[in-house]
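If you count the sequence shown from 1, you need to add 193 to reach my numbering.
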Amino acid sequence: MSITFGTDGWRAILDKDFNETNVKRVTLAIGKYIYDSFGLKKPILIGYDPRKDADKYSLICANILKDKGFDVYYSSKIIPTPVLAYNAQYRNACAIMFTASHNPPEYLGMKFIPDYAGPATTEITNEIVNNLDKSYPDSESGSFHKIDFAPKYYEKLKTIINYENIRKLKTNIIYDGLYSASIGYFDKILSDNSIPYQTLHLYHDNEFGGGMPDPKPRFLKDLITKVKHIPNSIGVANDGDADRFGVINEDGEFVSPNEIIAILLKHLVNKGYKGSVVKTVGSSILIDIIAEKLGINVIETAVGFKHVGEAMRNNEVIIGGEESGGLSIQGHIPEKDGLIANLLVLEAMAESGKSLKELQEDLYEIAQARFYNDRIDLKLDNQEEIAQILDEVKNFKTIGKYNVTDIDTKDGVKLMLGHKTKILVRPSGTEPLLRIYFESDKEEKLNYLKDNFIV
194 MSITFGTDGW RAILDKDFNE TNVKRVTLAI GKYIYDSFGL KKPILIGYDP RKDADKYSLI
254 CANILKDKGF DVYYSSKIIP TPVLAYNAQY RNACAIMFTA SHNPPEYLGM KFIPDYAGPA
314 TTEITNEIVN NLDKSYPDSE SGSFHKIDFA PKYYEKLKTI INYENIRKLK TNIIYDGLYS
374 ASIGYFDKIL SDNSIPYQTL HLYHDNEFGG GMPDPKPRFL KDLITKVKHI PNSIGVANDG
434 DADRFGVINE DGEFVSPNEI IAILLKHLVN KGYKGSVVKT VGSSILIDII AEKLGINVIE
494 TAVGFKHVGE AMRNNEVIIG GEESGGLSIQ GHIPEKDGLI ANLLVLEAMA ESGKSLKELQ
554 EDLYEIAQAR FYNDRIDLKL DNQEEIAQIL DEVKNFKTIG KYNVTDIDTK DGVKLMLGHK
614 TKILVRPSGT EPLLRIYFES DKEEKLNYLK DNFIV
């Protein structure tokens, strides 16, 4: 069976393609990459989220690598991806996380995290795929250690987050565990720092309550209802492995990740952080405008946090984020961290003395606009059609009555129609499908472009 690594590892349906045979193949391929790159001296950390059989398969992986001669450090409990990633950095180790992130419950996956603690680059994952079914020398058995990775992560957060200020926050904090890996971590952070909060769904469920472990409005209905019923409240949640975040404001409205990134950029600049902001080509124009007003340089990457993380490693970056709900900041790891994202939102509110809704309004005032977004998925028969359509879109001069003012092709084709309107056309990467993203500061303009964008 062919195994491919996407932007965040290899994922497949459990007990079909994700089976013991393929887990062994991928484990040995990763082991060969580590052996070829570092030898047996590089420790390997292994963790798993609450998904069905994630613990079973992660233990199989750990024993294979121990038998190949590596020193393996295995998480003593369910763990968020960012906690494992931070420990890879702290311990100068590589890590393997068993997770399928925000995907449906029937999926499981393996994510390789190099010692720089961010997503593996395409070059690394290509090498791992090339290693499939190749052998490498056997050696004396290594060692196996069960370990709690949380304490070192908590120590790191204390150097970043001002818990004392958050403690003074008058807003009610409602934390939706969403059956995810953040349970036992985010709530413990709040409790250990004497920060009051209320909870929902604070237990692990590998069926994720019959929904998906994705902190988007359709899966946060209980949280939204609770926020609306308790005055002066906000809600926070994370996805299955806690590398993504979801935030609900005091009116019970979902706050887009784009707005959160912009709010936190402003907050971190106020705290004295210096450098650039990294965003993907799919992220909102709002971030560009806020950065420009703050005198901050913008670095734009292809979609996928592996590109954001790479830019963060190669530049002085205040914050890097993507529209799907992932971010990290300077002085932390170049990997998505939904726990620190939610803590920073609380800190921004506490230190500004403003509600989350007021922080959003500040953005609109600075940008002199609110932004509207929509997406259309165009299913095609084959990959050749994708290339043909992208070539056509690259040559568009107008969409209806609006002129194309700029074109960018770093990931698909992005058409700018003035300063505050864009259309992005990019392939899904996993199937013959084009995703067409629309953004504008005028809802009627967005709808007009949707009606007149013909490919």
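Don't be surprised by glycine CBs; every beta carbon is placed ideally from N, CA and C.
Per DSSP, HIS338 is one residue of the beta strand (DSSP E) stretching across 336-340. For ARG218, the secondary structure class from DSSP, reduced to helix, strand or coil, is helix.
Shown here, ASP570 sits in a strand according to DSSP, grouped into three states. Counting of Cβ neighbours within 10 angstroms places HIS295 among the buried residues, the total reaching 16 or more.
Spanning the alpha carbons of GLY475 and GLU540 requires a straight line of approximately 27 Å. The DSSP-derived three-state label of ARG360 is helix. TYR595 has its alpha-carbon roughly 10 Å from the corresponding atom of TYR641. Contact between ILE579 and PRO620 holds: CB atoms are separated by about 5 Å, below the 8 Å threshold. When only Cα atoms are considered, SER328 and LYS613 end up about 53 Å apart.
Distance from the CA atom of ILE206 to the CA atom of VAL597, rounded to whole angstroms, is 42 Å.
Contact between GLY302 and LEU277 is absent: CB atoms are separated by about 14 Å, not below the 8 Å threshold.
Taking the Cβ atoms as the reference, ILE480 lies roughly 6 Å from ASN451, within the contact range of under 8 Å. Listed in chain order, the non-local C-beta contacts of LEU487 below 8 Å within the same chain comprise LEU458, LYS459 and VAL462, local neighbours out to five positions each way being set aside. In this structure, TYR228 sits near LYS261, with a CB-CB distance shorter than 9 Å. Going by C-alpha positions, ARG437 is about 32 Å away from VAL586.
The bridge partners DSSP lists for GLN391 are ILE367.
Positions of the beta strand (DSSP E) runs, each at least 3 residues long and wholly inside the segment 210-265, are given as 237-241 in order along the chain. Taking one beta carbon from each stretch, the segment 280-300 and the segment 378-394 have fewer than 3 pairs nearer than 8 Å; the two do not touch. A distance of 9 Å or more separates the beta carbons of PHE198 and ILE237. Around the Cβ of HIS338, a 10 Å sphere holds fewer than 16 other Cβ atoms; the residue is exposed. In the three-state DSSP reduction, LYS486 falls in the helix class (H, G or I). Residue pairing for SER268: DSSP places it in a beta bridge opposite ILE340.
In terms of CA proximity to ILE482, ALA562 leads the group LYS467, ALA562 and GLY518. Residue nearest to LEU573 within the set LEU583, ASP210, TYR565 and PHE564 is LEU583 (criterion: CA-CA distance). With respect to the 9 Å criterion, VAL538 and MET505 are not classified as neighbours on the basis of their beta carbons. Cβ neighbours of VAL216 within its own chain (closer than 8 Å, five residues either side excluded): TYR250, ILE253, CYS254 and MET303. The residues TYR595 and THR614, in chain order, have a CB closer than 8 Å to that of LYS638 in the same chain once the five nearest residues on each side in sequence are set aside. With three or more CB-CB distances shorter than 8 Å, the segment 364-373 counts as touching the segment 401-408.
ASP242 sits close to ILE272, with the two beta carbons spaced by under 9 Å. Runs of beta strand (DSSP E) with 3 or more residues, each lying fully within the segment 508-545, are found at 510-515 and 519-522, listed in chain order. About 17 Å separates the beta carbons of ASN490 and SER477, which is beyond the 8 Å limit, so they are not a contact pair. Ranking PHE342, LEU556 and GLY439 by CA distance to the CA of TYR283 puts PHE342 first. Ranked by how close their Cα comes to the Cα of GLY593, the residues LYS643, TYR630, VAL606 and GLY232 have LYS643 in first place. Residue pairing by DSSP places LYS607 opposite ASP601 and LEU617 in a beta bridge.
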